[in-house]
Every structure is written in structure tokens, then in C-alpha cells.
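S.K.: Residue numbers (the UniProt record's numbering), protein chains in the order written: chain A, 1 to 421; chain B, 1 to 219; chain C, 1 to 225. Got a structure here, written out as C-alpha cells. Questions coming.
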Amino acid sequence: MSFDEIRERARLGRYPIRGGGARRAVPTFDDLTFLTASASRYPLEGYREHCATRTVLGAANARDPVVLEIPITIAGMSFGALSAPAKEALGRAASEVGTATTTGDGGMTPEERMSSKTLVYQCLPSRYGFNPDDLRAADAIEVVLGQGAKPGGGGMLMGQKLGPRVAAMRTLPEGIDQRSACRHPDWTGPDDLRIKIEELREATDWRVPVFVKIGATRVYHDVRLAATAGADVVVVDGMQGGTGATQDVFIEHTGIPTLAAVRLAADALADFPDVALIVSGGIRSGADVAKALALGADAVSIGMAALVALGCNDTVHDFGPASYADLGTTAGNCVACHTGGCPVGIATQSPGLQARLDPVRGAERVANYLRAITMETTMLARACGKADVHHLEPEDLVALTVEAAAMARVPLAGTEWIPGR
Amino acid sequence: MDIDLSTTTVRTANATLRALPPGATARLTNPAGRHNLAVGLTEEITVEIDGTAGYYVGGLSKNATVLVHGTTGWGAGENLMSGLIRVDGDASQSLAASAHGGTIVVRGDASLRAGISLKGATVLVAGNVGDHCGFMAQAGTILVGGDAGRGLGDSLYEAVIYVAGRIKDLGADARVEELAESDVELVARLAKQHGFDHIDPENVTRVASARQLYHWGTP
Amino acid sequence: MCGITALQLRDPGLRPRLGALMAAMMAQVAERGPDSAGITIYPEIAVLKGVGHPAVLATEWRLHEISGTQAVAHTRMATESAITAAHCHPFVVGDGLSLVHNGSFANHATIRRELLARGVAFDSDNDSEVAARFLAYRLDSGDDLEKALRLLCERFDGFYTLAVQTPDAFAVVRDVIACKPAIIAETPGWVAMASEYRALAVLPGIEAARVYEPEPEEVYLWTST
Ligand SMILES: Cc1cc2nc3c(=O)[nH]c(=O)nc-3n(C[C@H](O)[C@H](O)[C@H](O)COP(=O)(O)O)c2cc1C
Ligand code: SF4
Chain A
1 MSFDEIRERA RLGRYPIRGG GARRAVPTFD DLTFLTASAS RYPLEGYREH
51 CATRTVLGAA NARDPVVLEI PITIAGMSFG ALSAPAKEAL GRAASEVGTA
101 TTTGDGGMTP EERMSSKTLV YQCLPSRYGF NPDDLRAADA IEVVLGQGAK
151 PGGGGMLMGQ KLGPRVAAMR TLPEGIDQRS ACRHPDWTGP DDLRIKIEEL
201 REATDWRVPV FVKIGATRVY HDVRLAATAG ADVVVVDGMQ GGTGATQDVF
251 IEHTGIPTLA AVRLAADALA DFPDVALIVS GGIRSGADVA KALALGADAV
301 SIGMAALVAL GCNDTVHDFG PASYADLGTT AGNCVACHTG GCPVGIATQS
351 PGLQARLDPV RGAERVANYL RAITMETTML ARACGKADVH HLEPEDLVAL
401 TVEAAAMARV PLAGTEWIPG R
Chain B
1 MDIDLSTTTV RTANATLRAL PPGATARLTN PAGRHNLAVG LTEEITVEID
51 GTAGYYVGGL SKNATVLVHG TTGWGAGENL MSGLIRVDGD ASQSLAASAH
101 GGTIVVRGDA SLRAGISLKG ATVLVAGNVG DHCGFMAQAG TILVGGDAGR
151 GLGDSLYEAV IYVAGRIKDL GADARVEELA ESDVELVARL AKQHGFDHID
201 PENVTRVASA RQLYHWGTP
Chain C
1 MCGITALQLR DPGLRPRLGA LMAAMMAQVA ERGPDSAGIT IYPEIAVLKG
51 VGHPAVLATE WRLHEISGTQ AVAHTRMATE SAITAAHCHP FVVGDGLSLV
101 HNGSFANHAT IRRELLARGV AFDSDNDSEV AARFLAYRLD SGDDLEKALR
151 LLCERFDGFY TLAVQTPDAF AVVRDVIACK PAIIAETPGW VAMASEYRAL
201 AVLPGIEAAR VYEPEPEEVY LWTST
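Now the structure itself:
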């Protein structure tokens with residue numbers, strides 16, 4: 001810990017809180033590279049030869065499975081952490097490219113339901129805003145056990161962001177510092193989760209799939225248990241995963257990197273062919289998507305990257321007052337989502353700041369970004385000779401570092417060596 | 001209408017209940033502790049359960065009346081929006097968890113964490129409640145006719161708890177407050193409505209949030 | 001994570017039906033633990049364990065033909081250790097002490113090391129075995145079962161509902177937060193404990209039984225007759 005960080009604690013008398021994901025260096029998908037085709041394997045042509053991206057989730061139990069045109073969804077980010085125009089923009093963008101968005105710790109807004117064609121409804125320990133009408137209006141249910149940024153911890157929303165609408169949706173007094181529960185109120189453990197999942201299916205007439213989201217810690221066991229409890233889809237969020245507001249110590253010192261989590265999760269699901277795997281935490285590029293799929297994910301989810309596409313940390317506007325400087329930061333380094341003072345109108349509930357975000361133009365940027373990284377994903381898949389991005393496999397990858405080779409269990413480049421094997 | 005659960009699956013039974021028109025009555029026989037009975041109801045129907053129900057009886061429902069002539073498992077009436085759940089026997093843990101509205105009545109005792117994360121419903125327990133009753137309860141009313149266990153009202157928000165008997169101890173940020181006339185009126189009305197004759201409305205303890213944890217992070 | 005069932009018979013007339021009653025109870029909590037199952041039957045201390053669905057195992061073991069005075073059983077959903085017969089509960093240690101556990105301990109690795117240092121040997125890497133060995137160690141050191149269970153509550157962190165039987169007693173205890181379910185029923189003919197009521201519903205005379213939930217960190221103990 002730096003001296004500045006010690007001084008910060010000395011001043012506050014409590015832990016510092018912030019948004020964003022882990023900033024420490026951990027092994028990532030960047031430490032892997034693809035063995036694309038040449039003589040022993042043959043590549044597919046860029047535009048004419050089709051490379052499928054369609055992804056179907058939850059077909060085994062649900063009458064209406066989730067059908068995604070691209071294997072990239074927008075992760076759960078609450079209305080409360082995000083502004084209404086930000087939620088709307090994400091919904092519009094996802095609908096335009098044929099993918100899903102996810103509610104968050106605060107319930108579903110009508111704007112969100114309207115703008116997003118495929119909407120995943122989170123059931124969190126807090127149950128803020130959770131109700132059977134919205135449940136039945138959803139296209140999938142996601143029972144959240146934890147997040148990569150804070151596995152084992154509950155949500156937070158600082159008072160500045162608990163405006164009248166957010167507070168009313170969460171049944172909380174306006175302006176208080178919200179502390180959400182870390183365990184569900186009516187079950188603990190996979191044996192009881194099984195009964196809970198059945199209840200959710202009963203209340204929705206077995207129409208939609210049930211996802212279970214976990215923060216990546218004891219991944220192998222947790223994923224197996226989620227599948228045994230009846231999940232159609234397990235979402236594994238690695239330690240780099242973003243957050244709206246969490247104790248810094250949680251963000252930096254808990255969980256395992258997404259790179260290590262994917263392979264463990266895929267192993268855990270080997271006995272569950274009907275259960276799909278979504279991976280999140282630090283996914284930024286088409287290369288990240290392709291590598292996650294190769295290591296066993298059926299789809300990925302993005303949080304921070306979607307916000308950046310929307311305008312997070314942007315410098316293009318001249319904001320005058322209420323700028324990055326007022327948050328003690330600069331464009332490009334901002335993780336001040338918890339303050340509610342977001343200069344670009346994304347992570348705020350202030351009407352003035354929200355007005356800075358145009359949901360239609362924002363949606364266009366996010367849709368473009370999703371299209372771009374999908375193109376990158378298919379490009380890499382084609383170069384590996386695949387007519388479907390889901391045909392990527394671990395054998396298409398090698399590692400550039402010993403750490404990445406050990407975690408992803410692919411050979412170090414130029415060798416046959418997988419550390420520990 | 002009678003539905004015999006020894007020959008009908010819970011899934012079929014629930015689908016039948018959900019198809020009933022407003023005003024209809026149904027009786028579930030031989031529940032034998034089965035889970036998820038009468039969940040997700042939407043219409044003004046009455047469901048009687050002849051015996052012991054398992055987890056989440058009446059959960060995620062609105063408008064309906066669910067009468068359990070027996071005891072219940074975890075989370076009876078969880079996330080209830082409106083209507084009535086009445087349990088003649090004891091209720092297990094997490095009674096009325098996160099319930100937004102309506103009334104949940106238990107004529108026996110309720111186990112741990114009754115009214116956890118309560119979001120507006122009215123919870124009445126004629127007998128005793130276990131530890132951590134009203135844990136993190138956000139809104140609504142809990143009336144306990146007997147004694148309360150440890151950690152009563154831990155991390156309370158705006159929900160209010162009334163206890164007629166003894167309180168083992170209070171949870172973090174919970175405090176005893178003076179009874180106002182409006183409290184006595186409310187308790188008297190609820191007790192009368194549900195036949196809790198043993199409660200003396202003038203002699204209950206009001207527990208509410210001390211609100212010391214409301215602002216722990218804002219600089 | 002799992003389903004627990006335990007039964008102690010007070011009415012000798014029921015003894016020929018012990019196995020059948022246990023089989024019926026286990027079938028009701030099979031969904032809580034579909035991987036594997038195990039049971040100890042007293043007074044012979046017959047231990048049966050296997051991998052597979054509890055209902056199939058009960059038939060394989062011809063459980064319904066077995067008589068006895070008391071039994072404790074477990075259906076398992078493996079959390080962190082492997083799905084093998086060796087990892088099945090009950091963990092039977094010392095002088096015929098059987099323990100089943102629902103939940104998961106948070107500091108069992110340290111306690112395992114402490115016991116190893118005192119010469120205690122283990123059969124598996126299962127966290128629940130640590131609790132069983134701890135109790136046997138305390139009984140060996142002269143504590144009675146009630147005292148040993150109280151010490152367990154002091155020493156073990158995490159979530160647990162435990163059912164324990166010895167040749168002359170049956171006990172139930174759960175942790176202070178009590179996040180794992182437990183329900184007890186008593187009649188003049190028997191005392192039973194299970195994870196869910198539906199397992200008790202199969203017992204004769206359940207309509208008239210006293211049914212209650214064990215309080216957190218309270219030791220419930222019944223001696224064999
Ligand atoms: C502003 C913000 C708010 C979030 N809110 C929630 C939430 O309400 N529920 C949840 O499960 N995850 C939440 N997350 C985590 C995301 O769902 C996702 O796991 C994470 O952002 C993925 O990592 P990435 O940001 O590196 O893509 C939030 C993340 C951010 C950035
Ligand atoms: S610019 Fe806004 S959304 Fe981006 S990190 Fe800063 S506060 Fe959060």
C-alpha cells in the first residue's frame with residue numbers, strides 16, 4: 001500500500017470505496033495468442049464465407065430460450081449505479097445488434113424493458129425492486145451469488161446516487177448510503193438454491209432460462225454446484241470485473257483472474273452438457289472474446305467496456321464545472337462511479353449531468369463497438385478455420401508467459417509445455 | 001376444487017391454481033411438506049392447504065389468499081406483493097422475506113430471520129420469533145405476540161417492529177422507541193383483525209432504526 | 001451441502017422397521033444430495049455408503065429389511081471434495097461415533113492440522129470428517145458428548161447443521177447463524193431430525209408429534225433407551 005493510500009485511510013477512518021475493476025497487473029487474455037491457419041489448417045475467407053455467431057442459452061429447461069445474435073451480452077449494471085439514459089442507451093444498442101442486457105441491484109425500469117429486446121432480470125441478495133410482475137416480463141432470470149469485483153460481499157450505492165426515483169424503487173430512504181446484503185434472505189447453499197430456482201421457474205411457468213452468476217473464487221466447485229442446483233447458464237465474473245461502487249480492498253484482493261476462471265468453469269461443466277457458460281471480467285476486445293470462447297465459454301459479458309464505448313472517461317466534451325478535476329481525477333483515469341458526479345452522465349443520478357448523455361447517440365457508439373468486436377472475434381475464428389465462433393478450442397491457443405500457460409492450461413508458445421501438467 | 005398432491009405434481013397444481021378465475025377457491029390436500037406450493041399467484045383466489053407446506057409457500061404472489069392449515073418451511077410468503085398468507089401452525093426461517101405488501105399471519109411461532117429485508121408487508125406472529133427478526137427490514141410492520149430472540153431488528157431501515165413479550169437483545173442500529181398513540185391504534189387494529197387477543201396494544205415495545213448506519217460512507 | 005435424516009426409536013416395536021423408515025426419509029431429501037449417500041445403523045454400527053442416487057442405493061443395500069435402534073443418514077451434494085464412497089457421510093470414528101453435516105466449515109484446515117499434530121489420523125480431505133475427529137478426540141480426552149459439541153461450536157467457524165449418534169446417544173446442533181435447515185420431531189415412539197419436514201412426514205404418528213426447529217448453538221441430546 002502506498003503512503004497516499006495510508007493517508008487516505010487515516011483521513012477517512014474507513015475503507016476507500018470506488019468504481020471500476022482491479023487495477024493491479026494480473027495475467028489476462030493478452031498473454032495468449034492464436035495459432036491461426038496456414039499449411040496444416042486452412043482459413044476461411046473474410047466476407048463471403050460464413051462464420052456463425054448465434055448463441056442459444058437455456059434451451060433444455062426453458063420454453064423460450066435466450067437467442068443471441070452475437071456471443072457478447074451487456075452485464076448487469078443497476079439503474080442507480082447507472083443513469084436512466086445510460087441504461088436506455090445500452091438497451092437500444094443491444095437490441096440493435098441482437099444481444100441481451102441485464103438489470104442490476106435495483107430492479108427493472110420501464111424504459112429499460114422497452115429499449116432492450118432481450119432483458120435478463122437479476123435476483124440479488126438485496127432483492128431491491130424485485131417483484132413478480134417484472135420477473136414475468138423478463139426474458140431470463142439471473143440469480144446473483146456474487147461478482148468478480150467483490151465475491152462474498154454485498155452491493156453499495158452511496159447517498160449521492162440514492163435520488164428519489166432510485167430510493168423509491170429500492171424501498172430505501174432517500175440519500176442514505178446503501179449497504180446490500182451478501183447472502184440471499186431466504187436460502188443459503190446450493191441444496192436450498194435448488195428449491196429457489198424451482199420457485200422462480202414456477203412463478204414464470206418454466207418459460208425462461210435461469211442464470212446463476214458467481215464471482216470467480218473456488219470456481220470449479222461453485223460452478224458445479226450452480227449447475228447441480230439447476231442453473232441453465234452459469235455466469236463467472238473474474239477478479240478484474242468492474243463495479244459501480246465497492247471497497248477498494250475487495251476489488252484488488254479477492255478472486256482469481258478471468259483467464260484462470262474460464263478453464264476451471266469449463267472443466268466443471270464437462271458433466272453438464274446442457275448448461276452454458278458466460279464469462280466476464282475485463283473483456284475489452286474481439287481477441288478477448290475469441291480467447292474466452294476458445295477456453296470454453298459460450299458467451300461473454302461486458303460492463304466497463306460498454307460504458308467506455310458509451311462515453312466513460314471521454315475527453316471529447318467540454319464540460320466546464322462538474323468535470324473530472326472535481327472528482328480528483330482526469331479523463332482516462334476515472335473510476336469515480338461511486339460519487340455520482342460522473343462528468344459524462346453515465347454513472348450519475350443528477351438530472352444536469354444525465355443530460356450530457358444522449359441515449360440515441362450513445363447507443364450508436366455502443367452498437368458500433370459491439371459490431372466491431374464481433375467482427376474481430378469472427379476474424380480470428382475464420383483465421384483458425386472455424387465456421388462458427390463456438391468451434392474455437394483451447395488447442396487454438398498458446399501462451400506468451402509461463403503464468404498464462406499455467407492458468408489457461410495451454411502450452412507456452414514454441415513448446416509443448418503446460419506448467420503443472 | 002380439490003387437488004390431491006399425493007397424485008398431482010406441484011407444477012401441475014400451480015398451473016391449475018394460476019388458471020383459476022378471481023373468486024375461485026381451491027384446496028390442496030396431502031401437501032406433506034412439498035415446496036413451492038401456490039407460488040406466483042396473480043388473481044383474487046383462495047387456496048387452502050391441508051397440512052404442512054415446504055419452502056416458499058405463497059411466494060411471489062399477489063391478490064390471493066393462501067391459508068395453510070399446518071406449518072411451513074422457509075420463506076413463507078417471500079416477496080409477497082399483496083393479499084394474505086395465513087399459517088395456522090409455526091413458520092420456519094425467513095418468513096415473509098423481502099415481502100413488499102399484503103399480510104402474512106402466523107398463529108404459532110416463527111423461526112429465525114422473520115421479516116428479513118421486509119419491503120412493506122405486514123407480518124404478524126402470534127407466538128415467539130427466533131433470532132434476527134426484522135434483519136435489514138426496509139419498510140412495513142412486524143407484530144410479535146410472544147418473545148423475540150437475539151439481534152432483533154439488526155440493521156433496520158424504516159420498518160417498525162412491535163413486540164408484546166420479552167426481547168432477548170437488540171441488533172445493531174435498532175433501538176426501543178416510545179409508543180405513540182398511532183402505534184397503539186395500529187397494534188390494536190392489527191391484533192383485533194387477526195384475533196391476537198393476547199396482545200395488549202398499550203404494552204408492546206416499539207423497535208425501530210436508530211439510523212446511525214444511514215450515513216457511513218459519504219464524506 | 002446435503003440432506004440429513006436421523007431417527008432414534010423409543011418404541012421397541014418399531015425396531016424391525018428402522019431401515020424402512022430411514023429409506024423413506026432419505027428418499028424425501030434425495031434432491032438435496034443426489035450424488036451419493038450413507039447411513040449408520042445402531043446398535044451394530046453397520047455403515048453403508050455409496051455413490052449414486054440415494055433411492056437406488058437404499059434398494060441396493062436392502063435397507064428396508066434392516067432393523068435397529070437408531071440410525072443417521074446423509075444424502076450428499078459434494079461441495080469441495082470428491083464424489084466417492086470415502087467422502088460420504090456419516091463419518092464414523094472412535095467408539096462408534098457417527099456424524100453427518102449440512103453446510104460448510106470455514107476453518108477446518110487449521111483444526112485438521114491441530115488434530116494431526118496431536119496424532120489424530122484422517123481418512124479423507126472432507127471438512128466434515130474434521131468435525132467427527134474433533135468430537136472423537138474430545139470424547140477420548142474425557143469430555144461427554146454435550147461438552148464436546150459445545151467445544152465444537154466454540155472452535156469451528158462457518159455454517160453447520162450436525163446430527164451425531166453414538167452407541168448411547170443422539171445429538172443435534174447448529175451454528176449461531178443457522179443458515180442450514182433443521183427440524184426435529186418427537187413422539188413417545190421416536191425422535192427424529194431432518195433437513196426438511198417432508199422427510200419427517202413419512203414417519204408413523206407424525207400428526208401428533210411435537211415438531212420444532214433447533215435453536216442456534218444449542219445442543220439437543222437424547223440418550224438411547
Ligand atoms: C457501474 C457498474 C455497475 C454494476 N452493477 C452490478 C449489479 O448491479 N449486479 C451485478 O451482478 N453486477 C454488477 N456489475 C458487474 C457487472 O455485471 C460485470 O460483472 C462486470 O462489469 C464485468 O467486468 P467488466 O466491467 O470488466 O466488463 C456492475 C459493474 C459496473 C461497472
Ligand atoms: S466517467 Fe463516469 S462512468 Fe466512467 S469511471 Fe468516471 S464516473 Fe464512472
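No residue lacks a Cβ here, since even glycine has one placed at the ideal position from N, Cα and C. Note that this is a predicted model, so its numbers are computed, not measured.
1) Return helix, strand or coil for A/S115, following the three-state DSSP convention.
2) At a cut of 8 Å, does the segment 148 to 159 of chain C reach the segment 123 to 137 of chain C through at least three beta carbon pairs?
3) Name the residue from A/L327, A/A383 and A/L259 whose alpha carbon lies nearest to the alpha carbon of A/G296.
4) Does DSSP put A/T36 in a helix, a strand or coil?
5) What do you reckon, is the C-beta of A/I346 under 6 Å from a heavy atom of ligand 2?
6) Label B/N203 either buried or exposed according to how many other C-beta atoms from any shown protein chain fall within 10 Å of its C-beta, with 16 as the threshold for buried.
7) Answer yes or no: do B/T25 and B/D50 have a C-beta to C-beta separation smaller than 7 Å?
8) Measure the alpha-carbon distance for A/G21 versus A/D288 and round it to whole angstroms.
9) Give every residue of the same chain whose Cβ lies closer than 6 Å to the Cβ of C/N126, excluding the five residues on either side of it in the sequence, and list them in chain order.
10) How many Å lie between B/N14 and C/Y197 at the Cα?
11) Please compile the residues from chain B whose C-beta is within a distance smaller than 9 Å of the C-beta of C/V211.
12) Going by the DSSP bridge assignment, what does B/V125 pair with across the sheet?
13) Rank C/Y220, C/T187, C/P214 and C/M193 by C-alpha distance to the C-alpha of C/G205 and give the top, closest one.
14) Taking only three categories from DSSP, how would you classify A/K196?
15) Could you list the residues in the segment 9 to 20 of chain B with a C-beta less than 8 Å from some C-beta on chain A, going in chain order?
16) Could you list which residues in chain B have their beta carbon closer than 8 Å to that of A/F130, in chain order?
17) Round the Cβ separation of C/W190 and C/L14 to the nearest angstrom and send it over; I've been treating them as touching at under 8 Å.
18) For B/E158, which residues in chain A fall below 9 Å Cβ to Cβ?
19) Could you give the first and the last residue of the continuous alpha helix (DSSP H) run that contains A/T377?
20) Could one say the Cβ of C/C179 lies closer than 7 Å to chain A's Cβ atoms, at least one of them?
21) With DSSP as the reference, label A/I176 as helix, strand or coil.
22) Considering A/G286, what are the terminal residues of the alpha helix (DSSP H) in which it resides?
23) Within 10 Å of its beta-carbon, does A/M114 have 16 or more other beta-carbons around it, so buried, or fewer, so exposed?
24) Any idea if A/W187 is buried or exposed, counting beta-carbon neighbours within 10 angstroms, 16 or more meaning buried?
25) To the nearest angstrom, how far is it from the Cα of A/L353 to the Cα of A/T339?
26) CB A/I74 to CB A/A306, shorter than 7 Å?
27) Could you please give the first and the last residue of the uninterrupted beta strand (DSSP E) stretch that includes C/G50?
28) What do you reckon, is the C-beta of A/G303 under 6 Å from a heavy atom of ligand 2?
29) Select from A/E111, A/E252, A/M375 and A/A266 the residue whose C-alpha is nearest the C-alpha of A/K150.
30) By the three-class DSSP mapping on this structure, what secondary structure does B/K168 have?
31) Can you tell which of B/G83, B/I85, B/G108 and B/I161 has its C-alpha closest to the C-alpha of B/I116?
32) If you reduce the DSSP assignment to three classes, tell me which class B/D4 lands in.
33) Does at least one heavy atom of ligand 1 sit under 6 Å from the Cβ of A/D314?
34) Which residues, in order along the segment 127 to 148 of chain B, keep a beta-carbon less than 7 Å from a beta-carbon of chain A?
35) Looking at chain A, is there any beta carbon in it that lies within less than 7 Å of the beta carbon of B/G115?
36) How many angstroms separate the CA atom of A/R284 from the CA atom of A/T378?
M.R.: Result, derived from the coordinates:
1) helix
2) yes
3) A/L259
4) coil
5) yes
6) exposed
7) no
8) 16 Å
9) S81 and H87
10) 20 Å
11) T52, T71, G89 and D90
12) B/V106 and B/V144
13) C/T187
14) helix
15) V10, R11, N14, A15 and R18
16) N79 and S98
17) 6 Å
18) T171, L172 and P173
19) P359 to A383
20) yes
21) coil
22) G286 to A294
23) exposed
24) buried
25) 12 Å
26) yes
27) A46 to V51
28) no
29) A/E252
30) coil
31) B/I161
32) strand
33) no
34) M136, Q138 and A139
35) no
36) 15 Å
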